[in-house]
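S.K.: Structure in structure tokens, see below.
Protein chains: 4
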Amino acid sequence: MKQFFEGIPKIKYEGEDSRNPLAFRHYNPDEVVLGKRMEEHLRFAVAYWHSFAWEGGDPFGGQTFERPWYPQDNMERAKLKADIAFDMFDILGAPYFCFHDLDVRPEAGSFAENRDTLNEITDYFAEKMAAGGPKLLWGTANMFTHRRWMSGASTNPDPDVFAFAAATVKSCMDATHKLGGENYVLWGGREGYETLLNTDLTSELDHMGRFLNMVVEYKHKIGFKGAILVEPKPQEPSKHQYDYDVATCFGFLQKYGLEKEVQLNIEQGHAILAGHSFEHEIATAASLGVLGSIDMNRNDYQSGWDTDQFPNNTPEVAVAYYHILKAGGLKTGGTNFDAKVRRQSLDAEDLVAAHVGGMDICARGLKAAAAMLEDGGLEEALSSRYEGWQTPEAKAMLGSDFESITKRVLAEEIAPDPRSGRQEILENYVNRFV
Amino acid sequence: MKQFFEGIPKIKYEGEDSRNPLAFRHYNPDEVVLGKRMEEHLRFAVAYWHSFAWEGGDPFGGQTFERPWYPQDNMERAKLKADIAFDMFDILGAPYFCFHDLDVRPEAGSFAENRDTLNEITDYFAEKMAAGGPKLLWGTANMFTHRRWMSGASTNPDPDVFAFAAATVKSCMDATHKLGGENYVLWGGREGYETLLNTDLTSELDHMGRFLNMVVEYKHKIGFKGAILVEPKPQEPSKHQYDYDVATCFGFLQKYGLEKEVQLNIEQGHAILAGHSFEHEIATAASLGVLGSIDMNRNDYQSGWDTDQFPNNTPEVAVAYYHILKAGGLKTGGTNFDAKVRRQSLDAEDLVAAHVGGMDICARGLKAAAAMLEDGGLEEALSSRYEGWQTPEAKAMLGSDFESITKRVLAEEIAPDPRSGRQEILENYVNRFV
Amino acid sequence: MKQFFEGIPKIKYEGEDSRNPLAFRHYNPDEVVLGKRMEEHLRFAVAYWHSFAWEGGDPFGGQTFERPWYPQDNMERAKLKADIAFDMFDILGAPYFCFHDLDVRPEAGSFAENRDTLNEITDYFAEKMAAGGPKLLWGTANMFTHRRWMSGASTNPDPDVFAFAAATVKSCMDATHKLGGENYVLWGGREGYETLLNTDLTSELDHMGRFLNMVVEYKHKIGFKGAILVEPKPQEPSKHQYDYDVATCFGFLQKYGLEKEVQLNIEQGHAILAGHSFEHEIATAASLGVLGSIDMNRNDYQSGWDTDQFPNNTPEVAVAYYHILKAGGLKTGGTNFDAKVRRQSLDAEDLVAAHVGGMDICARGLKAAAAMLEDGGLEEALSSRYEGWQTPEAKAMLGSDFESITKRVLAEEIAPDPRSGRQEILENYVNRFV
Amino acid sequence: MKQFFEGIPKIKYEGEDSRNPLAFRHYNPDEVVLGKRMEEHLRFAVAYWHSFAWEGGDPFGGQTFERPWYPQDNMERAKLKADIAFDMFDILGAPYFCFHDLDVRPEAGSFAENRDTLNEITDYFAEKMAAGGPKLLWGTANMFTHRRWMSGASTNPDPDVFAFAAATVKSCMDATHKLGGENYVLWGGREGYETLLNTDLTSELDHMGRFLNMVVEYKHKIGFKGAILVEPKPQEPSKHQYDYDVATCFGFLQKYGLEKEVQLNIEQGHAILAGHSFEHEIATAASLGVLGSIDMNRNDYQSGWDTDQFPNNTPEVAVAYYHILKAGGLKTGGTNFDAKVRRQSLDAEDLVAAHVGGMDICARGLKAAAAMLEDGGLEEALSSRYEGWQTPEAKAMLGSDFESITKRVLAEEIAPDPRSGRQEILENYVNRFV
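Protein chains in written order, with our numbering: chain A, 477 to 910; chain B, 477 to 910; chain C, 477 to 910; chain D, 477 to 910.
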């Protein structure tokens, strides 16, 4: 059954000096970092989508991969794909995986048949999971590929599409719940617009708000204990997507009364497209209390679209984990590789090696982040910079008003003297660890 | 006194056939559009900042303009500047102007002296306004130029800067109130960060939220009837600014209980920098109920920084006014030219002609937008596209839940059939008017 | 045979007051502009690629269109597609069309079969052209869609791919020559790299240079009189493409001795992706003597990828034609709509209306550009600005050296006094015409 | 004399375990890497411009630094500045420095006075250099700050500005030659345009080409043995700059017959602004034979303008040096920190620490690059990927033509089978070293 990965062994930790491209040099699941096993910190998940459903196409080119489970249009090949996917989860020792409904079953056109094949394949997953396979980090519904979604799912001008979306999400939540999924994700790639000329913003947002409330209501109804996660992205495929970035999603959640019920799944690539850094989005979500999970796949800074590459820059990854650790670590969430090998990376070995490299970079980043926290230099610098706000006078000022503050400014002839922000010194400090 | 503008006459409307570069070809203040005079629709304001305070510098070059009121460091030249500014307001027939404190008085270093010179010069303005000068669209405090603000105003790590900012805003609100200003604006160019490494996001946002509440409390205390406006911008000068865009500001206002008290001042250039279109930001603000006023100055699409150019593209301007008119038009807000002539545009004539061109483009855009609304084609297309949502079944669905919707999808075998979005046809329609 | 376009009449010119969405309001082929018929100025071409071969997919979604000629995998449907395409050329009154080999024939996998089906279908075209159909503006080879091209065509690490590319281009040049094509185009979407780590820049560029020389050699050999055109694009699908922009292509052409033999096909969307304006690329090509033809399809300024939309902004289009007219107009080249309707624009009417709108915008732009040239205001301003260079002293200076110039600077105490660049006045001037 | 840097010792190498923020952890000048001392590989230079002339301003804010040599308007303070600058060179052990004329002398307005003060201060430098100070990597003329340059230097519409530029460059080349400078640099920040409407592209480029030829002629005349370097940048301050990127400059050099005489000074930040990576620009210049020197200062990927930050990402820096080492290393060029501390980094310690951190990152990057080259894995992968081109048949094909190649494709039924590009495996490989 492992013939697709013939010759590729189960990946082991061999330490930094290893020159084996199919070994971990940094990721040692059982190594304890800040009192917790590395595996429990990182909670790696492999994404079915990019590794098994995407065929290597891009806007100017078709399929490049040749896989035994193509074409992906019947249940027999869906099961073969599952066998091979679970082989890879095993090879990598990945504790989690994630999937969209469309990744794992053929598209039939009718809701009933889609639901039935989803149930069949997830039963097949359940057996594999029971037999020692990975756990499910999250499930989700693909409501962007089929032409029915072209003008949106919950925000579609056609209420029948809203209905089809509701039924679809229900079926995916049911499957996720059945498999013990720890989260349920919604990414609204078509919830947005191509042109304002044909768009009723207010209705669409209201419909999306109502839909998300239905998700939360249904979660409680079925007793799903996982988190509901929304995934921000500013654009692509749409010209504008409503879940633009963390701050936009937070405003939306507040407006529809959901900020205590829904958290965010933050992706590095999407952060970049929105004009932010990954750590900005993580720190903002943590600050607003909505940090849920991460998609650890980078974008090329030069390319104005999602490139979904495996992470490969330790300093960047370290800062991301630093903010995650500061916020108390990942809870129901995990580190999902929503990443794809390049379309020229044709071989099974490429698929495995890409994950090995990504896991190693994350492990390096995590260890560096933990070391920084243990050393405490950044925290100390922060306390020192803001120490003025710890005085009773400063605290009292926040409870007062413009008139009394003005009196004090005049009486004390306050004329603030700037202090250095010490940015380069702090950057050098970080470089001691990465 | 008009010697700076020697040879430049008061600008008149001469109609489309005029070849006079110092005449309006489209802006006819008294022409009635949709039942209202054009002047009342557009509510043009001239910005003191760019036209009289900026000296032509850029990051690689110094002053290029030579003005009789330079250097801007004493009250005598501040009054000469005021004389010339009001001459230009008169030449243009501008009904409004706007200013920062720093635009109109020298910087002294001490709050008391800054407040006193601000009061002195605004008394001087009051005389000119009483003598037939324009009204004040809004006042604001420059809390970004002086080095004391380098690490933020209300978000500064040093509580003394918060205090200085509070006193400064109070003095500017007092001056704005005294002059009958119709709005008060806050732009937080330094409310953000250069690096997360030295930034306490949560405290900074809480301080900014408290500060804005103080502004609102003080407004009510002094009986200021104008609107409080926050101006979104994603970055520049800071790497990240908290008031990133309309959606981000709305989330912030909700979090600090201010979404009924504060509106937004939306700038085309800032929309572009945030990855949006101007009309997106206007339509979003209108949809969220926070559309206040606009800064009608474009950015160059190729330049990754604020270029603050006068508008010159009628089709773009028309779509912006279309969304404003749909939202009921500008109320306390106006059309402010937060625009500067290029640093190579050295002459007084450039300054006047730039405003004339900008006002004309806005007038053309407004008339086109009004014609589209009167024709009704876009509204009709929108109604038709969303008509499915008007049925009782669709409305009932929004009040129901996933289970009953799923039952219906199965029972009715719902399989939605996509309809054309007709984008190009709508774009062609718009081109009939612009 | 016209059943696909049932109910859609041949498009006529009805003038500006027409409200018929399927009529020209500006494009009147026989109207004389600057002494030449509008049709001869604009030389419109319809692109087979976007309108008949693209199925509505994007990176996150599949086919949305449903066309009688899908799936595009046999010759019978290839002929049906041709029938419908020529119907549309007729409906639009388009004087030209353009195609890639892959647009018009199925992909067989073997070169021989691909060549034979290409010959068969182009014979079929020849009949239609002889029967009054449009002329061929240019032909080209699609060397980016099939997986064989994934690592480049002439720049592929595998010399067999170079060979396959050579044979393919020969077959396309033969077909183009047979049909009386007026140009032959090369767009190198895969001539570039995904990562420098696996790329030998020097070899790849040398191979590309040699390949282009072979194209020119073959052109002369067969007596093809049309122009050879290279189409610049900076990226997408590749991370970096060698034909980045006009200036880069010019450097490449010089290096391989081709700057007299090869011209450029300039696309608005590609200009934007490279950080330029369309008019910049046109003016640069004109200045360097390599302006060939244009692809008149705009990119969305907000989207970091090619959106290939129909033009809809008259002021932008007018400036493009202004630079073309200044350079003497299009010669062998034309105005090709390398544009696609949005994937939500499902109907045959959308396809026709999009072209009608695009042609009208171009006609408006052309007339505005011609009017500006006739008025002469911009040319006059330019002459006046540079008039100093017309003096014998200035011309002599260019022939001299640093030492003699320095002597003169010292002797004459030269201290230049800046003059206004008058940018806003010129922008206002342009707005009189657009 | 060291009082500005009071308490800051001469920086020493202390090794990786050092926690001293004012010690080198990686830069050990005498350590031998690939057979050469690290100091000779890296050839570090400190830029006078950012560290001593820039006062902390940005487009929205004024001076933040307070230095004893401000205001920079007389020769006494120019000498004090020199004293302090040379103190810092000494503290850092920097082997080189660089300067613009305007960095080191006050601006007088007249050429004669500017030349005289330049000569006076460079004599002062000469003494310091003779007394053990650093060598001069390059000199250059600032032809962008003063208002006389606002419309260009050699490309100015006013020939008097061309003359003033010629005299200025002559004076700077003389000073550079006198000080034994190893290169002379030209950066054309104003050689470009704000709007095409007022620009004669062809004349401006011809004037720039002639000017650069005069530079080369003068170099030979005075026997200057250093390299003439042009520094590419796409925009900022201008909307478009003629020296856009490496490929554009190469095209320009060829057109004006200078590709053997002039090399390029490549900056990471400028590469980013042009849509490239730093390693792309370096590799392209190396491939074209025009790699001269580097400015090792990064841009923030989120900010659309030059941020000129000290490098802090080892993986990025390592790849840059990898391409430099592959090209044979830096010859007359060096690693110049054209970088500035953030405007909030007020203290002398910030200035020193920023350089220390930057030098360390470069040393780490160089060592990683050298280790990769010694290991040979990337070179081996490259040879293997392109090995097909080493066969006699492949080489013969390059000398043949389309017809004979086509015959072979048909005869041999060539149907290329793609091979994996192995990108992720190569990226993982690089991560073993960085």
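Backbone N, C-alpha and C fix where the C-beta goes; we use that ideal spot for every residue, glycine too.
Note that the structure is a prediction, hence the values are computed from the model and not measured.
Can you find a C-beta in chain A that's less than 8 Å from the C-beta of D/R898?
M.R.: If you number the fourth sequence from 1, residue 898 of chain D lands on position 422. Output row for D/R898: interface = yes.
S.K.: Would you mind sorting A/H756 into buried or exposed? The rule is 16 or more other CB atoms within 10 Å of its CB.
M.R.: The count along the first sequence starts at 1 and reaches residue 756 of chain A at position 280. That one is buried.
S.K.: Specify the secondary structure class of D/E743 as computed by DSSP and reduced to three states.
M.R.: In the fourth sequence, counting from the first residue as 1, residue 743 of chain D sits at position 267. Residue state, collapsed to three classes: strand.
S.K.: With contact counted as at least three CB pairs below 8 Å, one residue from each stretch, are the segment 547–559 of chain B and the segment 851–865 of chain A in contact?
M.R.: The answer is no - the segment 851–865 of chain A does not touch the segment 547–559 of chain B, with fewer than three Cβ pairs under 8 Å.
S.K.: Just the Cα atoms here: how many angstroms apart are D/E863 and D/E903?
M.R.: In the fourth sequence, counting from the first residue as 1, residue 863 of chain D sits at position 387. In the fourth sequence, counting from the first residue as 1, residue 903 of chain D sits at position 427. Their Cα atoms are separated by approximately 21 Å.
S.K.: Given 7 Å as the limit, tell me if D/T644 has its C-beta closer than that to any heavy atom belonging to the ligand GDP.
M.R.: You won't find the ligand GDP in this model; it holds no ligand whatsoever.
S.K.: Beta-carbon within less than 6 Å of B/G668's beta-carbon, same chain only, minus the 5 sequence neighbours each way: which residues are those?
M.R.: In the second sequence, the residue the question calls residue 668 of chain B occupies position 192. Hits under 6 Å: S714, H716, Q717 and Y718.
S.K.: Measure from the C-beta of B/S586 to each C-beta in chain D and report whether the shortest distance is under 8 Å.
M.R.: Here residue 586 of chain B is taken as the residue at index 110 of the second sequence, counted from 1. No - not a single Cβ of chain D is within 8 Å of the one on B/S586.
S.K.: Compile a chain-ordered list of the residues in the segment 781–814 of chain A whose CB is closer than 9 Å to at least one CB of chain D.
M.R.: So the list reads Q785, F786, N788, N789, T790, P791 and E792, given in the order they occur along the chain.
S.K.: List the DSSP bridge partners of C/K488.
M.R.: Translated into the one-based positions of the third sequence, residue 488 of chain C becomes position 12. DSSP, once it has assigned bridges, lists C/A499 as partnering C/K488.
S.K.: Assuming contact is defined by CB atoms lying nearer than 8 Å, are D/Y694 and D/K736 in contact in what I supplied?
M.R.: Stepping through the fourth sequence from its first residue, residue 694 of chain D is reached at position 218. Stepping through the fourth sequence from its first residue, residue 736 of chain D is reached at position 260. Taking 8 Å as the Cβ cut-off, D/Y694 and D/K736 do not qualify as a contacting pair.
S.K.: Please go through the same chain and pick out, in chain order, the residues whose beta-carbon is closer than 7 Å to the beta-carbon of C/E888, but skip the five residues on each side of it.
M.R.: For the purposes of this step, residue 888 of chain C is taken as the residue at position 412 of the third sequence. Same-chain partners within the cutoff: there are none.
S.K.: Are any of the Cβ atoms in chain C nearer than 8 Å to that of D/G727?
M.R.: Here residue 727 of chain D refers to the residue found at position 251 when the fourth sequence is read from its first residue. True, the Cβ-Cβ gap to chain C drops below 8 Å.
S.K.: Within a Cβ cutoff of 7 Å, which residues of the same chain sit near D/F640, ignoring the five residues on either side of it in sequence?
M.R.: Here residue 640 of chain D refers to the residue found at position 164 when the fourth sequence is read from its first residue. Same-chain partners within the cutoff: F587 and R624.
S.K.: Going by CA-CA distance only, name the one from D/K486, D/H502 and D/Y777 that's closest to D/E492.
M.R.: If you number the fourth sequence from 1, residue 492 of chain D lands on position 16. Closest by alpha carbon: D/H502.
S.K.: If you run the structure through DSSP and keep just helix, strand and coil, what is A/G809?
M.R.: Position 333 of the first sequence, counting from 1, holds the residue named residue 809 of chain A. Here A/G809 sits in coil by DSSP.
S.K.: For the beta strand (DSSP E) holding C/L672, just list the boundary residues, first then last.
M.R.: One-based indexing of the third sequence puts residue 672 of chain C at position 196. From DSSP, C/L672 is part of no beta strand (DSSP E); its letter is neither H nor E.
S.K.: Over the uninterrupted beta strand (DSSP E) stretch that includes D/F640, give me the two end residues.
M.R.: The residue labelled residue 640 of chain D in the question sits at position 164 within the fourth sequence. Run containing D/F640: none in the beta strand (DSSP E); it sits in the alpha helix (DSSP H), P635 to K654.
S.K.: Cβ closer than 8 Å: which chain C residues qualify as neighbours of B/P497?
M.R.: The count along the second sequence starts at 1 and reaches residue 497 of chain B at position 21. What B/P497 touches in chain C: I901, N904 and Y905.
S.K.: Against D/F620, what residues of chain B qualify as contacts under a CB-to-CB distance less than 8 Å, listed in chain order?
M.R.: Within the fourth sequence, numbered from 1, the residue matching residue 620 of chain D stands at position 144. Those are F536 and G537, listed as they occur along chain B.
S.K.: Using a Cβ cut-off of 8 Å (strictly closer), state whether B/V817 contacts chain A.
M.R.: Working through the second sequence from its first residue, we reach residue 817 of chain B at position 341. Judged by the 8 Å Cβ criterion, B/V817 is not in contact with chain A.
S.K.: Based on Cα-Cα distance, which residue from B/L822, B/Q744 and B/D566 lies nearest to B/S769?
M.R.: One-based indexing of the second sequence puts residue 769 of chain B at position 293. For the residues B/L822, B/Q744 and B/D566, the minimum Cα distance to B/S769 belongs to B/Q744.
S.K.: What does the alpha-carbon distance come out to for the pair B/G809 and B/T760?
M.R.: Your numbering for residue 809 of chain B matches position 333 in the second sequence. Your numbering for residue 760 of chain B matches position 284 in the second sequence. Cα to Cα, B/G809 sits roughly 16 Å from B/T760.
S.K.: Look up C/A521 in the DSSP assignment and say whether it is helix, strand or coil.
M.R.: Walking along the third sequence from the start, residue 521 of chain C turns up at place 45. Residue state, collapsed to three classes: strand.
S.K.: At the 8 Å Cβ level, is C/Q820 part of the contact set with chain B, yes or no?
M.R.: For the purposes of this step, residue 820 of chain C is identified with residue 344 of the third sequence, where counting begins at 1. True, the Cβ-Cβ gap to chain B drops below 8 Å.
S.K.: Which of the three DSSP states, helix, strand or coil, is assigned to D/E889?
M.R.: Along the fourth sequence, read from residue 1 onward, the residue named residue 889 of chain D stands at position 413. DSSP places D/E889 in coil when its eight states are reduced to three.
S.K.: Expressed to the nearest angstrom, what Euclidean distance is found between the alpha-carbon atoms of A/I837 and A/S779?
M.R.: Locating residue 837 of chain A in the first sequence gives position 361, counting from the first residue. Locating residue 779 of chain A in the first sequence gives position 303, counting from the first residue. Roughly 22 Å between the two C-alpha positions.
S.K.: For A/P791, collect the residues of the same chain with a Cβ closer than 6 Å to its Cβ; drop the 5 residues on either side in sequence, then sort them by chain order.
M.R.: Numbered from 1 along the first sequence, position 315 holds the residue referred to as residue 791 of chain A. Cβ within range, chain order: V910.
S.K.: Could you name the residues of chain B that A/V730 contacts, counting a contact when the two beta carbons are closer than 8 Å?
M.R.: What you label residue 730 of chain A is simply residue 254 of the first sequence in a count that begins at 1. One point to set straight first is that residue 730 of chain A is Gln, not Val, in the sequence displayed. Here the neighbours are G727, Q730 and K731.
S.K.: What is the residue span of the beta strand (DSSP E) that B/A703 lies within?
M.R.: Residue 703 of chain B sits at position 227 when you count from the first residue of the second sequence. From DSSP, the beta strand (DSSP E) with B/A703 extends over A703 to V706.
S.K.: To the nearest angstrom, how far is the alpha carbon of D/D721 from that of A/G834?
M.R.: If you number the fourth sequence from 1, residue 721 of chain D lands on position 245. If you number the first sequence from 1, residue 834 of chain A lands on position 358. About 33 Å.
S.K.: From the DSSP output, in three-state form, read off B/W625 for me.
M.R.: Sequence index remark: in the second sequence, residue 625 of chain B carries index 149 (1-based). In the structure shown, B/W625 sits in a helix (DSSP, three-state: H, G or I).
S.K.: In the DSSP assignment, find the unbroken beta strand (DSSP E) run with D/L510 in it and report its ends.
M.R.: Counted from its first residue, the fourth sequence places residue 510 of chain D at position 34. Element bounds for D/L510: n/a, residue is neither H nor E.
S.K.: Closest to D/E900 by C-alpha separation, out of D/A844, D/A857, D/D650 and D/W865, would be which residue?
M.R.: As a working note, residue 900 of chain D is residue 424 in the fourth sequence. Measuring from the Cα of D/E900, the nearest candidate turns out to be D/A857.
S.K.: Since D/I758 and D/I800 are thought to touch, with beta carbons under 8 Å apart, how far apart are those beta carbons, to the nearest angstrom?
M.R.: Here residue 758 of chain D is taken as the residue at index 282 of the fourth sequence, counted from 1. Here residue 800 of chain D is taken as the residue at index 324 of the fourth sequence, counted from 1. Right, the Cβ-Cβ distance comes to about 6 Å (below 8 Å), so this counts as a contact.
S.K.: Smallest Cα separation from C/P633: which of C/V661, C/T678 and C/E515?
M.R.: On the third sequence, position 157 is the one that residue 633 of chain C refers to. It is C/T678 whose Cα lies nearest to the Cα of C/P633.
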